[in-house]
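Residue numbers (the numbering used here), protein chains in the order written: chain A, 14 to 316; chain D, 12 to 489.
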């Protein structure tokens with residue numbers, strides 16, 4: 014080996030030794046840049062252009078016109094309102110059901126493990142499978158729900174006929190699928206509560222409510238907030254269940270902002286406008302995330 | 012080198028040159044050419060793939076493989092649009108709904124084929140043999156212009172599917188005669204003359220509850236008389252409603268009249284409102300799913316195959332599955348006839364319907380051997396012998412020489428209704444704004460179907476939206 018080769022090898026060895034960490038994460042960063050950051054920046058650029066992906070015309074730079082158009086469009090606000098209804102009711106119910114399930118599974122009982130697996134199954138299914146399942150579940154001619162109601166009333170049950178029924182049906186599907194996720198987080202909090210605290214509370218003859226408020230809740234509060242954050246962001250982007258179960262109907266009563274973005278981008282091909290709408294959606298999600306972080310930090314200071 | 016040695020060397024070199032020439036300088040070697048085609052997943056395209064695999068041999072001697080990428084219908088537009096606009100240039104050809112021509116021609120994805128037709132007498136003969144309504148619908152953009160973009164892959168029309176075992180049952184015939192005062196149609200010839208009033212009577216007559224008798228048997232579930240598409244997705248109500256509007260003498264916005272043709276006053280004319288009200292009134296005799304706005308073409312097909320319906324109106328493309336014993340409970344009980352018409356004061360039927368089916372198109376980046384072979388494949392597909400085989404296997408042919416032949420009606424039980432139906436087919440808009448118009452129209456129709464507004468409100472909203480959108484796009488100017 015020549016002295017020069019020896020020096021090079023030493024240099025390479027030194028380089029790998031010094032940069033092992035960055036080198037190990039660089040493939041992941043490369044994928045992130047190519048698949049997430051670049052498209053994100055590209056679409057942000059598109060949001061300032063009058064551009065349709067299905068036309069030959071050159072994109073025209075129009076500053077904030079797309080944002081102004083989207084924000085002044087009553088259809089967009091109507092879709093945001095529909096989304097807000099879904100978020101408010103669905104997340105609340107997911108928290109409630111998830112919390113009750115967690116309380117149930119905190120205790121040991123025969124068959125707990127099997128039941129836990131069954132309860133967790135919905136969140137492991139694909140969105141399309143769940144959507145297709147519920148479409149048949151609600152179908153008034155063959156559907157299980159309609160057949161069950163018909164056995165009692167003699168009339169088919171057409172839950173998707175009215176806007177209220179259709180919204181309720183989608184919320185039920187969403188709650189069925191995602192309550193187990195909330196349950197998992199809450200359960201993790203519940204099992205982390207030191208048992209001696211409950212024993213001390215029992216000696217003090219503290220009521221169930223007082224034990225819950227002063228011992229259990231402080232331990233699960235952070236995880237509950239995390240569940241709220243995740244589920245709010247996900248429900249805000251609700252698309253699959255709506256598209257598969259009602260296609261946004263009856264009329265437009267269940268059309269969420271996620272479905273509307275899809276229509277603007279891939280059916281109307283108003284590409285620039287859909288990019289602007291996508292960024293407004295992202296902005297809303299970022300605001301929600303920051304609200305969460307604000308609450309978490311405030312809690313940390315209190316502790 | 013001796014003279015003899017020189018001669019031997021020259022002879023050897025010559026032999027070598029001739030050998031090499033034979034190997035490299037003779038007729039061109041066969042090329043491997045793959046034609047990738049996007050296709051909706053349903054029987055007509057499956058049959059095409061089957062025939063191509065079994066029988067297609069390129070005349071050029073190249074090893075040509077036609078590979079169809081089968082995409083489920085509900086995702087088809089999105090997947091095709093995503094592929095075309097992403098620039099991946101995956102497909103050389105695509106089976107395309109005719110309404111997408113405008114959007115994808117303007118985007119620069121679909122190739123104009125006038126030059127190909129002009130220099131090919133065989134293609135010119137094929138186009139002369141095609142029914143003119145198919146050429147107008149499947150090939151032209153702007154609609155009914157001389158600019159050609161598509162070759163008909165498979166034409167399709169809406170026809171009546173009906174339960175022969177019920178309509179021809181003696182007890183049912185007798186009961187219907189007593190209740191309605193006229194004979195219940197049974198043969199395809201009788202069913203071909205059905206109007207919407209009779210269709211309504213079928214709806215009333217065949218509605219039975221669980222426990223009632225139907226053709227001598229006790230029902231274990233509710234049974235319904237009639238159905239047609241009334242779904243919010245894609246065009247799953249417009250295709251039927253347009254037929255009603257045209258039969259009444261109304262119109263949709265007519266792009267061939269642009270820029271003078273109007274939407275306001277046409278789309279929401281009194282006649283159009285009356286036609287739409289008629290369409291809505293018949294939904295009460297359909298299964299309850301009609302009230303949800305999700306009774307699309309797949310749902311009525313499913314209900315009919317499950318034996319829940321006496322009759323429905325459906326594209327012919329679904330017929331092969333209906334008569335398949337593996338997929339249908341009514342495989343050997345189904346008859347086919349023309350879609351009902353509207354009976355006028357003179358007793359004649361007004362017959363108009365929205366055309367179905369698809370052309371296939373060439374993409375603009377397909378060049379050289381791939382382009383030549385794609386055109387050769389189209390010519391093979393649209394040749395009379397192959398179209399005859401396609402029809403015999405359950406497809407439809409738009410060639411007059413095939414669908415007018417004496418044997419055509421014998422290939423499949425619905426074929427008798429196909430040829431005559433082509434004369435009264437019209438198409439919906441081909442303009443690039445097609446999807447915006449369609450989505451809004453479907454939403455408004457859906458609100459009326461689910462009882463959130465009446466026919467007039469729906470058509471007024473549609474007319475106002477179309478007027479605004481079409482003016483912005485420059486299609487209406489006055």
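Virtual Cβ for every residue (Gly too), placed ideally from N, Cα, C.
Cβ pair count under 8 Å reaching 3, the segment 138-146 of chain A against the segment 175-184 of chain A
no
Please name the residue or residues paired with residue 56 (chain A) in a DSSP beta bridge.
Numbered from its first residue, the first chain carries residue 56 (chain A) at position 43. For residue 56 (chain A), which the question treats as bridged, DSSP gives no partner whatsoever.
Would you say residue 171 (chain A) lies against chain D (beta-carbon separation less than 8 Å)?
Within the first chain, numbered from 1, the residue matching residue 171 (chain A) stands at position 158. True, the Cβ-Cβ gap to chain D drops below 8 Å.
Please list the partners that residue 243 (chain D) has in chain A, where partner means a Cβ-to-Cβ separation under 9 Å.
The residue labelled residue 243 (chain D) in the question sits at position 232 within the second chain. Correct list: 259, 260, 261, 262, 263 and 264.
Checking contacts by CB at 8 Å: is residue 49 (chain A) closer than that to chain D?
Counting from one through the first chain, the residue named residue 49 (chain A) turns up at place 36. No, residue 49 (chain A) does not count as interfacial toward chain D.
Opposing strand residues paired with residue 162 (chain D) [DSSP bridges]
Stepping through the second chain from its first residue, residue 162 (chain D) is reached at position 151. DSSP lists D:371 as partners of residue 162 (chain D).
If distances are taken between C-alpha atoms only, which option among A:262, A:307 and A:68 comes closest to residue 306 (chain D)?
To locate residue 306 (chain D), count along the second chain from 1; it is residue 295. Considering only alpha carbons, the answer is A:262.
When DSSP labels each residue in this structure, what does residue 378 (chain D) get in the three-state scheme?
Translated into the one-based positions of the second chain, residue 378 (chain D) becomes position 367. Looking at residue 378 (chain D) - three-state DSSP - the assignment turns out to be coil, as it is neither helix nor strand.
Under a Cβ-count criterion, where at least 16 other Cβ atoms within 10 Å of its own Cβ denotes burial, should residue 267 (chain D) be classed as buried or exposed?
Against the second chain, residue 267 (chain D) aligns to sequence position 256. Under this definition residue 267 (chain D) is an exposed residue.
Would you check if the distance between the CB atom of residue 334 (chain D) and the CB atom of residue 169 (chain D) is smaller than 8 Å?
Residue 334 (chain D) sits at position 323 when you count from the first residue of the second chain. Residue 169 (chain D) sits at position 158 when you count from the first residue of the second chain. No, they are not a contact pair.
What is the C-beta distance between residue 206 (chain A) and residue 108 (chain A), in whole angstroms, given that I count them as a contact (C-beta under 8 Å)?
The count along the first chain starts at 1 and reaches residue 206 (chain A) at position 193. The count along the first chain starts at 1 and reaches residue 108 (chain A) at position 95. Contact doesn't hold; Cβ gap of about 19 Å is too wide.
Which of helix, strand or coil DSSP assigns to residue 174 (chain D)
For the purposes of this step, residue 174 (chain D) is taken as residue 163 along the second chain, with counting starting at 1. Looking at residue 174 (chain D) - three-state DSSP - the assignment turns out to be strand.
Going by DSSP, name the residue or residues bridged to residue 320 (chain D).
Taking the second chain and counting its residues from 1, the one referred to as residue 320 (chain D) is at position 309. Note: residue 320 (chain D) sits in a beta bridge opposite D:235.
Contacts around residue 415 (chain D), its chain only, beta-carbon distance under 8 Å, and the 5 residues preceding and following it disregarded:
Taking the second chain and counting its residues from 1, the one referred to as residue 415 (chain D) is at position 404. These residues qualify, in order along the chain: 430.
Classify residue 216 (chain D): buried if its beta carbon has 16 or more other beta carbons within 10 angstroms, exposed otherwise.
Within the second chain, residue 216 (chain D) is the residue found at index 205, counting from 1. With 16 or more other Cβ atoms within 10 Å, it is buried.
Identify which residue in A:198, A:229 and A:276 has its Cα closest to the Cα of residue 208 (chain A).
Here residue 208 (chain A) corresponds to residue number 195 of the first chain, with the count starting at 1. Residue A:229 is the option with its Cα nearest to residue 208 (chain A).
Below-8 Å beta-carbon distance, residue 92 (chain A) vs any chain D residue:
As a first step, residue 92 (chain A) must be located in the first chain, where it is residue number 79. Not one chain D Cβ lies under 8 Å of residue 92 (chain A).
Looking at the C-beta of residue 302 (chain D), does it have a partner C-beta in chain A at a distance below 8 Å?
Stepping through the second chain from its first residue, residue 302 (chain D) is reached at position 291. Yes, contact with chain A.
Considering just the uninterrupted stretch of the beta strand (DSSP E) at residue 45 (chain D), what are its terminal residues?
The count along the second chain starts at 1 and reaches residue 45 (chain D) at position 34. From DSSP, the beta strand (DSSP E) with residue 45 (chain D) extends over 43-51.
Is any beta-carbon of chain A found at less than 8 Å from that of residue 457 (chain D)?
Here residue 457 (chain D) refers to the residue found at position 446 when the second chain is read from its first residue. Chain A contact via Cβ: present.
Given a cut-off of 8 Å on the beta-carbon distance, is the pair residue 116 (chain D) and residue 48 (chain D) in contact?
Locating residue 116 (chain D) in the second chain gives position 105, counting from the first residue. Locating residue 48 (chain D) in the second chain gives position 37, counting from the first residue. Cβ atoms of residue 116 (chain D) and residue 48 (chain D): not closer than 8 Å.
Just to confirm before moving on: does the CB-CB distance between residue 387 (chain D) and residue 109 (chain D) stay below 8 Å?
Here residue 387 (chain D) refers to the residue found at position 376 when the second chain is read from its first residue. Here residue 109 (chain D) refers to the residue found at position 98 when the second chain is read from its first residue. Going by C-beta atoms, residue 387 (chain D) is not nearer than 8 Å to residue 109 (chain D).
Interface residues of chain D around residue 153 (chain A) at Cβ under 8 Å?
Here the question's residue 153 (chain A) lines up with position 140 in the first chain. Under the 8 Å cutoff, chain D gives 298, 299, 300, 302 and 303.
Candidates A:269, A:155, A:166 and A:199: which alpha carbon is nearest residue 234 (chain D)'s?
Position 223 of the second chain, counting from 1, holds the residue named residue 234 (chain D). Residue 234 (chain D) has its Cα closest to that of A:155, out of A:269, A:155, A:166 and A:199.
With distance defined between alpha-carbon atoms, name the residue in D:43, D:59 and D:51 nearest to residue 404 (chain D).
Your numbering for residue 404 (chain D) matches position 393 in the second chain. Taking only the C-alpha atoms, the option nearest residue 404 (chain D) is D:59.
When DSSP builds the beta bridges, which residues end up paired with residue 224 (chain D)?
By one-based count along the second chain, residue 224 (chain D) stands at place 213. D:229, per the DSSP bridge assignment.
As assigned by DSSP and simplified to three states, the class of residue 23 (chain D):
The sequence position of residue 23 (chain D) within the second chain is 12, counting from 1. Low local confidence applies: a pLDDT of 49 at residue 23 (chain D) is under 50, so the model's placement there is unreliable, and no value is given.
Rounded C-alpha distance that separates residue 432 (chain D) from residue 241 (chain D)
For the purposes of this step, residue 432 (chain D) is taken as the residue at position 421 of the second chain. For the purposes of this step, residue 241 (chain D) is taken as the residue at position 230 of the second chain. Their Cα atoms are separated by approximately 22 Å.
Rounded to whole angstroms, what is the Cα-Cα separation between residue 175 (chain D) and residue 259 (chain D)?
For the purposes of this step, residue 175 (chain D) is taken as residue 164 along the second chain, with counting starting at 1. For the purposes of this step, residue 259 (chain D) is taken as residue 248 along the second chain, with counting starting at 1. Rounded to the nearest angstrom, the two C-alpha atoms are 29 Å apart.
Report the option in D:376, D:442, D:446 and D:458 whose CA atom is closest to the CA atom of residue 100 (chain D).
Walking along the second chain from the start, residue 100 (chain D) turns up at place 89. Measuring from the Cα of residue 100 (chain D), the nearest candidate turns out to be D:376.
Between D:161, D:291 and D:257, which lies nearest to residue 211 (chain D) when the distance is taken from Cα to Cα?
Your numbering for residue 211 (chain D) matches position 200 in the second chain. Comparing Cα positions, the closest option is D:291.
With a threshold of 8 Å between beta-carbons, can residue 281 (chain A) be considered close to chain D, or not?
As a first step, residue 281 (chain A) must be located in the first chain, where it is residue number 268. Cβ-Cβ to chain D under 8 Å: yes for residue 281 (chain A).
Contacts around residue 182 (chain D), its chain only, beta-carbon distance under 7 Å, and the 5 residues preceding and following it disregarded
As a position in the second chain, residue 182 (chain D) is number 171, starting the count at 1. The residues are 226 and 227.
Give a yes or no on whether 8 Å exceeds the smallest Cβ distance from residue 478 (chain D) to chain A.
Start at 1 with the first residue of the second chain, and residue 478 (chain D) comes out as number 467. No, no contact with chain A.
Close beta carbons around residue 304 (chain D), own chain, < 6 Å, minus the five adjacent residues each side
Residue 304 (chain D) sits at position 293 when you count from the first residue of the second chain. Once the five neighbours on either side are set aside, the close Cβ partners of residue 304 (chain D) are 243, 457, 460 and 461.
Can you give me the start and stop residues for the beta strand (DSSP E) that residue 81 (chain D) sits inside?
In the second chain, residue 81 (chain D) corresponds to position 70, counting from 1. Where residue 81 (chain D) is concerned, the enclosing beta strand (DSSP E) stretches over 74-82.
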